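Note that the protein sequences, when read in sequence, are chains A and B. Using this note's numbering, the letters of the first sequence map in sequence onto residues 1298 to 1494. Using this note's numbering, the letters of the second sequence map in sequence onto residues 399 to 786.
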Amino acid sequence: MTRIRGAQASGCANDVHAHANQPPPRLRRSAGALAKAEACALLVALSLTLAGVVVSAQQRPNFTGTWKYVSSTPPNYPGSNGWGVPSPTVVVTQTGTELTIESGQFGAASMKVVYKLDGTDTVWDGTSSSQSGSTAVVKWRTKASWDGNRLVLYTWNTALNQMRDIMSLSGGQLTIVRATEQPGPSTNATLTYTKGS
Amino acid sequence: MHRLRLSLFAFLLAGLGFELLPSAASMQQSRVDPAKGGVGDITGPYEVPDPKWPEWAHPYPKPGYIWGSQGGVFAESPNRIYLANRGELKLPDRVPPNFPGNWGFFNQQAATQPIANMVNCIVVVDGNGKLIEAWNQWDKLFEWGRGPHQVYISPYDPERLVWVVDDMRHVIYKFTHDGKRLVQTLGVLDEFGDNDDLTRFRRPTMIDWLPDGTFFVADGYGNTRVVKFNKDGKPLMKWGTRGTGPGQFNTPHGIAVGGSPPRVFVSDRGNRRIQVFDVNGNFLEEWPGIAPHSMMMSADEHVWAVDSISDRIVKFDLSGHAEYSFGQFGTRPGYTWAMHQISADQDGNLFIAEVFGGRTQKYRPKPGADPTQLVRGRSLMPMAGGTR
């Protein structure tokens, strides 16, 4: 109600037109005022929603930085056959449109992987290597989506490696809730990183 | 060397298998009822009918390629059999002259190595293995995964929609009977959810139905639960957590529904047992000592389980008595390597898809076979508008 009064006060509810065959003036005014109030309420609600979206976007964390591995739960999480292994260092670069991760978590060698922040896929051809040393040229694909202040990252390749990382920032630490899938056993872990150089 | 190791392993398992079922039963004191059959009973009451095997249902890959892992098989009728193939594998440049035509010959699991080309993933063949339909229009669905995990038609569905589970892409597809239309996708493609997520699966494995269309999904490799859906695919409930206790799972890989009142039989593969629940997920009992890849409710209300450890097919009554078993690990005709789905047609033929052997074999009842030892497929509802 306060918002509606505020809208009326700002000039939204001034103009009530009179027409033939209309109800008595008091009722007409009442109906017109109600319609105006509804329109203004809608306008205000829309403005507030848009403002909320902007604020929400502004509040989204920026994961940019060089992150040093601290610990995992469960302890000494090994990843899965060379996939999803916690990298000692993860370098993240985030712009308004994409996030890039450079890390050893995608296989035996360090690799740069891009995630578009508009939710669309990024697909490319690359190698997939394991700790056992075998490599193959495969297709890779990534996807990112926001879940509040958490960023959900998916990484897939056609060598049947899959990883879901849910990233969040708190107290200067980067937390990655990691889940991996391969034809073998699934893995789950929470990884903690701290800012380093 | 690898072959020798496998052979030794199989021999030891076979030896164990001779005792496995009775000892499993002996853990349930009241159920001691040693299963008939045993080591050497390789094909049980069946024979492999086609002397040209493995030409049965194998003419499709292009030259230089061979079918890879066979995830599933469903015999709708003696002349309409759905095969779920996990893509085709490139053969080595030089193939030995005695190569029989299935990847298992190389003593290499056909499931994941090498990377398969996802073509001819769902095909329909007649009783002679002759191609009737190739659903190549859907091959692209499997490109980022490892192909279809299993294939089914609900016995209670007059439309005979065809369900395909894709574990690695975390979805279940429902196609029209002719494969022309994808009717429904359950789960979110490529996204995996955790145990409490009713929108996403995490590598689902198998389905079975109640007569009213309610269905249960074993989920699966990644999660440790069963999800119950209504006939329209709306999730109703879930049960299960990770662990070894009653109602807990480690790789629920198979599921079968039947009995009166109906019960849900879940293959808790990683815990080497079958767990039994009512339709609301209340734990009833467990049958230890078997780790099935897959299970099937037969027309005569028995649970047929294909054991991932012993490579044997075991017939249980609904109280958990192991009544009969047969089968043996191997790559020669009639032997199996990782049976992943079984299905029987109305003529008594049995079809077995092997994920590691890389083939689907057809078994025909031997003349005079004991009918109690035959796998009897459940009758399907008459198809609306007549069969194709």
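The beta carbon of each residue, even a glycine, is placed where N, CA and C say it ideally should be. Values in this document were obtained by computation on a predicted structure and should not be read as measured data.
For Arg-544(B), a Cβ of chain A is located within less than 8 Å of the residue's own Cβ.
Residues of chain B with a Cβ closer than 8 Å to the Cβ of Thr-1392(A) do not exist, since the nearest Cβ in that chain sits about 24 Å away. Across the structure, Gly-756(B) and Leu-489(B) are spaced so that their CA atoms are roughly 13 Å apart. Approximately 4 Å separates the beta-carbon atoms of Ser-552(B) and Trp-607(B); this is inside 8 Å, confirming the contact. The C-beta of Gly-755(B) comes no closer than 8 Å to any C-beta of chain A. Within the stretch 574-606 of chain B, the residues whose Cβ lies closer than 8 Å to any Cβ of chain A are, in chain order, Asp-588, Glu-589, Phe-590, Asp-592, Arg-600 and Arg-601. A Cβ-Cβ distance of about 7 Å is found for the pair Val-701(B) and Leu-716(B), placing them in contact under the 8 Å criterion. At a cut-off of 8 Å between beta-carbon atoms, Val-1435(A) makes contact with chain B. Scanning chain B for C-beta atoms nearer than 8 Å to the C-beta of Thr-1455(A) yields Ile-513, Glu-541 and Trp-542, reported in chain order. A straight-line Cα-Cα distance of about 33 Å links Thr-1432(A) and Ser-708(B). Note: Asp-1444(A) is bridge-paired with Arg-1447(A) in the DSSP secondary-structure output.
Assignment of Trp-536(B) by DSSP, reduced to helix, strand and coil, places it in the helix class.
Taking every protein chain shown into account, the CB of Leu-596(B) has fewer than 16 other CB atoms within 10 angstroms, so this residue is exposed. Within the same chain, and ignoring the five residues on either side of Pro-447(B) in sequence, the residues whose Cβ sits closer than 7 Å to its Cβ are Lys-760 and Arg-762.
Trp-1443(A) and Lys-1413(A) have their alpha carbons spaced roughly 11 Å apart.
Listed in chain order, the alpha helix (DSSP H) elements of length 4 or more contained wholly in the stretch 591-638 of chain B amount to none.
Listed along chain A are Leu-1457, Gln-1459, Glu-1478 and Pro-1480, each with a C-beta nearer than 8 Å to that of Met-566(B).
Taken in chain order, the members of the stretch 611-642 of chain B whose beta-carbon sits within less than 7 Å of a beta-carbon on chain A are Tyr-619 and Gly-620. Here the alpha carbons of Thr-1417(A) and Gly-645(B) stand approximately 39 Å from one another. Shown here, Trp-454(B) sits in coil according to DSSP, grouped into three states, outside any helix or strand. Excluding sequence positions up to five before and after Trp-1453(A), its CB lies within less than 6 Å of the CB of Arg-1438 and Gln-1459, all in the same chain and listed in chain order. Residue contact with chain B for Ser-1377(A): absent (no Cβ-Cβ distance below 8 Å to any residue of chain B). Excluding five sequence positions before and after Ser-777(B), the CB atoms of its chain that fall closer than 7 Å to its own CB belong to Pro-553 and Ala-697, given in chain order. Close partners of Arg-1438(A) in chain B (Cβ separation under 9 Å): Trp-542 and Asp-588. If one requires a minimum length of 3 residues, the beta strand (DSSP E) runs lying completely within the stretch 739-773 of chain B are 748-752 and 757-763, in chain order. Close partners of Ser-1400(A) in chain B (Cβ separation under 9 Å) are lacking, with about 21 Å as the shortest Cβ gap.
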